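All remarks here apply to the structure that follows.
Residue numbers (this note's numbering): 202 to 368.
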């Protein structure tokens with residue numbers, strides 16, 4: 202199969218690399234640029250006849266080499282930003298931490314089931330529902346001081362249940 206685009210590319214590849222090297226800065230970058238240029242050049246519609254295919258190929262190389270040169274200059278100006286990227290801490294917990302957290306949540310859920318209903322309701326309303334102690338007292342029909350004691354007792358019980366399972 203005789204492909205005129207491929208023949209043109211292969212016959213001028215070395216010159217294209219030299220041309221890209223003068224713009225992009227290095228041989229490795231130039232080879233990458235020429236390879237990308239070939240992919241773009243080969244992807245042009247075959248029904249569109251180019252009046253100057255070699256000139257078009259050089260234009261693609263020039264544009265890609267300029268982009269590569271700008272990227273390289275930016276990386277050289279700010280080398281610490283590239284290294285800092287690898288040092289960033291993940292915003293999500295590790296799989297081990299996720300498993301530990303899930304285990305702790307299961308233990309807390311079990312501990313809450315062990316509590317008397319009024320104590321559990323007071324704790325859930327305060328810690329999970331963001332209700333004030335006054336709102337909880339009104340809902341349960343008890344004093345604010347008693348609600349405070351109920352929430353504290355629930356928290357103490359949950360902490361004890363978590364502490365028993367640490368090992």
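Just so you know, even glycine gets a beta-carbon here, dropped at the ideal spot from N, CA and C. Quick caveat: nothing in here was measured; it's all calculated off a predicted structure.
In this structure, the beta-carbon distance from residue 225 to residue 269 falls below 9 Å. Residue 343 sits away from residue 324, with the two beta carbons spaced by 9 Å or more. Cβ-Cβ separation between residue 356 and residue 340: approximately 19 Å, too far for a contact (criterion under 8 Å). Within the same chain, Cβ atoms closer than 7 Å to the Cβ of residue 220 are found at 259 and 262, the five residues on either side in sequence being excluded. Here the alpha carbons of residue 231 and residue 237 stand approximately 10 Å from one another.
Non-local beta-carbon contacts of residue 349 in its own chain, meaning distances under 7 Å to residues more than five positions away in sequence, involve 334 in chain order.
Here residue 320 is buried. Its C-beta has 16 or more other C-beta atoms within 10 Å.
Burial state of residue 251 is exposed, judged by a 10 Å Cβ sphere holding fewer than 16 other Cβ atoms.
Beyond the five residues adjoining it in sequence on each side, residue 338 comes within less than 8 Å, by CB distance, of 344, 345, 347 and 348 in the same chain, given in chain order. Of 265, 239, 336 and 207, the smallest CA-CA separation from residue 223 is found for 265. Per DSSP, the unbroken alpha helix (DSSP H) holding residue 264 starts and ends at 254-278.
The alpha-carbon of residue 214 is positioned some 17 Å away from that of residue 203. Distance between residue 272 and residue 208, taken at the CA atoms: about 31 Å. The beta carbon of residue 245 is closer than 6 Å to none in its chain, skipping five residues each way along the sequence. Inter-residue distance for residue 362 and residue 312 is about 6 Å (C-alpha atoms, whole angstroms).
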